[in-house]
Every structure is written in structure tokens, then in C-alpha cells.
């Protein structure tokens, strides 16, 4: 039975765990006789739940203060300073979103190619941002760029020199950065990957994926097994690939490896 002696009201507060998650919670339990009211205080909300007694809560903004009594409710800390009994939970602000971003259409370019820089400033559509481009940590190019009414802009510059580039944009105290590299490179026409393999009773069995110019290869491919100990290709066979996948089997009796698979198409591409 609920006792009327309110002097027996006690407050108990559990430890507050400092979590980065915005929904970390600590609990207050208001003990009134045998009955309990639960108050959970999160980073952005206060949750109240009581089976029998109403809980008095004071909500305050800079313009007014009001008191409410509830058994169950959710109160946003982003709108109010909140008092429960003698405990105050200050109004909090939502974290600011990073609305300024920059990136490039690729992360690596050949010398002399054109780079495209995509700038996004959703917080200030139609505004101007400062663009700085650094080559090997030295200022290489500087310009002011206007984003459109949707907050987007594309900036292009060509005749790229070999080196490491850093792109930096600034707007209203916010800074965003991105990096890319300019270096000579050559893409392989054939690209192979080993999906899985097994060696049992002197037999090597493997499932291989093969693509030509990034397209799954279908057709006949000559597959050779190279033995590192022998320093030679010990066996070759023609294998049919379907939609970029084939199974290959080799007898490796008398060989210790390490092994490699070599691929040659009928037109000589390796």
C-alpha cells in the first residue's frame, strides 16, 4: 500500500557511462513506498514511466516555464531545460552536420589527364567557396568557385603533373579535404583471381575467375601451372571459361611448389 509519508522519497542514480552513442542512458528511480517511477535521461530525450504516481516535470525555454504531471511521456532536451524534482537537465544542441564536402572522380590519374573535383556545400547553396590545390604539399592552384542553387560545383583542371595532390575547400569556417595521385601506370588486359583451391592426393583443383578489360571472359584460355622450385611451367591445358569462371585441375606429383597459374588467350594476351 502506498505510504503518504513523502519524507521517505529517495533518489538513486546509477553510474553514467560515457558512451559516444547518442542514446546512452542513465536512470533515476524515485522510490515511494513499494512503488517505483522510472526516469531515463538520454542525450537528447528524457523518458518518464510510472505505474501509479504522476511525476511533476518543469519545462523551460527562454520565453516561458510550464509544469506538467505525467505518468508516461517523452520530453526533448533539444527544446527545453528540464527539471525533475531538484534535478536539472540542461537543454542541448543538435550536433552540426558537415555539409561541406569535396572529392575527385578518381583517386589515381595518368600524367597529362584531366581531374574533376566535385564540391558539395549543402549548407550554403549558391555561395562561393575557396578552392586550394596542393602538389607535394606546395600550393599549386587557388581559385574561388561558385556552387549552384543545389549546392554543387564541378571544377576541372588538366595537364596533371606527376605527384601527390591535396584538394582543400573552405566555406564559413568549415574545411573539407580530399587527396589523389598522378603517376604512370598500365592496366592489365587480363585479370585473374583465385576463388578457392584444394590439394588432395597430389592433385591441385581450383576455381578461377578471369576477366578481360574488366568484363568476365567467356571462351578458351590456355592455363599453365608454374612450379617455383623447378623454375618452369610444368604443365599446360586449354580450359573453357563461362561468364568469367572455370575449374582447373593439375597433377602435381613430384613437385613441391610454390605454384602459380599463368593465363594465355588464343590471341596471345597474357
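In the numbering used here, the protein residues as written are 285 to 554. Yeah, the Cβ is synthetic: ideal placement off N, Cα and C, and Gly gets one too.
### Message
Just verifying my parser: in three-state terms, what is the DSSP assignment at residue 493?
### Response
strand
### Task
Taking only the alpha-carbon atoms, compute the straight-line gap between residue 443 and residue 417 and give it to the nearest angstrom.
Those two C-alpha atoms are separated by around 14 Å.
### Query
Short check: CB of residue 413 to CB of residue 462, under 8 Å?
no
### Query
Cα separation between residue 357 and residue 347?
22 Å
### Task
Below 6 Å CB to CB, which residues in the same chain sit around residue 493 once its five sequence neighbours on both sides are set aside?
Excluding sequence neighbours, residue 493 sits near 477, 479, 528 and 529.
### Query
Which class does residue 461 belong to by DSSP, given the choice of helix, strand or coil?
Residue 461: strand per DSSP, three-state reduction.
### Query
Taking just the CA atoms, how far does residue 376 sit from residue 316?
With a pLDDT of 43 at residue 316, under the threshold of 50, the modelled position of that residue is not reliable, and the figure given next carries that caveat. About 30 Å.
### Query
Considering only residues of the region 429-478, which uninterrupted beta strand (DSSP E) runs meet the minimum length of 3 residues and lie entirely inside it, listed in chain order?
436-441, 447-455 and 458-466
### Query
Between the region 430-450 and the region 399-412, do three or more beta carbon pairs fall short of 8 Å?
yes
### Task
May I ask you to report which of helix, strand or coil DSSP gives residue 539?
coil
### Message
Mapping the DSSP letters down to three states, classify residue 375 as helix, strand or coil.
### Response
coil
### Query
Along the chain, where does the beta strand (DSSP E) that runs through residue 360 open and close?
Unbroken beta strand (DSSP E) run through residue 360: 356-360.
### Query
Leaving out the 5 sequence neighbours to the left and right, which residues in its chain are closer than 7 Å to residue 305 when beta-carbon positions are compared?
Summary for residue 305: the model assigns pLDDT 39, below 50, so the residue's position carries little reliability; its value from the coordinates is reported in the next sentence. Counting only Cβ-Cβ distances below 7 Å, and skipping sequence neighbours, we find nothing.
### Query
Considering only the beta carbon of each residue, do residue 551 and residue 486 sit closer than 8 Å?
no
### Closest residue to residue 424 among 439, 436, 445 and 404 (Cα-Cα distance)
445
### Query
Is the beta carbon of residue 398 less than 8 Å from the beta carbon of residue 440?
yes
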